[in-house]
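For reference, the structure discussed in these notes is given below.
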Amino acid sequence: MDFVYFRDDFTLPYNEALGVVVIEVDGQKYISVASTFKRKDTDALPTAQVMQLLVSPDEYVNLFRALRFGTRSSLIFPNGDSYELSLRASSNALAAAANCWERNATGELKNNPFGDQGAGASAGNPFDSF
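Residue numbers (my numbering): 231 to 360.
Below is the structure:
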């Protein structure tokens with residue numbers, strides 16, 4: 231699973247690796263790698279306002295839990311800029327995702343970061359297949 235972050239004021243280049251972004255939740259820091267998506271013909275703006283964050287497979291479950299149960303979160307960029315993230319409704323949304331993952335095989339290879347009770351699924355982190 232990746233994280234997608236949008237801001238109206240971002241002017242990021244399309245289809246670029248942007249570098250390391252720290253995701254901080256209640257003082258705990260998680261390292262992610264940020265990139266932007268490829269520009270589509272339907273994109274009206276010359277620059278991107280959306281970026282994708284990928285977290286190390288070793289940190290995925292910890293970050294998921296932190297976002298689910300945390301109270302404060304922010305993104306910290308290499309230039310020192312920091313943006314507050316709202317965790318409102320995160321707990322309910324991530325609980326629903328966790329419950330779904332526990333019941334159903336998910337992803338292309340049926341991998342699941344929490345293990346799986348479903349037929350044909352293999353336990354493990356979905357990043358293992360990449």
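C-beta atoms are modelled at their ideal positions from N, C-alpha and C, and glycine is treated no differently.
Check                                                                                               : Outcome
From Arg333, Arg318, Tyr313 and Ala328, residue whose alpha carbon lies closest to that of Glu254   : Tyr313
Where Leu293 falls, given that 16 or more other Cβ within 10 Å makes a residue buried               : buried
Residue environment, Leu275, which counts as buried when at least 16 other CB atoms sit within 10 Å : exposed
8 angstroms CB neighbourhood of Arg298 in its chain, flanking five on each side removed             : Ser320, Ser321, Leu324, Ala325 and Ala328
Where the beta strand (DSSP E) containing Phe233 begins and where it ends                           : Phe233 to Phe236
Whether Asp232 touches Leu315 by CB criterion (8 angstroms)                                         : no
Selected residue, minimal CA-CA separation from Leu305, among Leu242, Ser286 and Val250             : Val250
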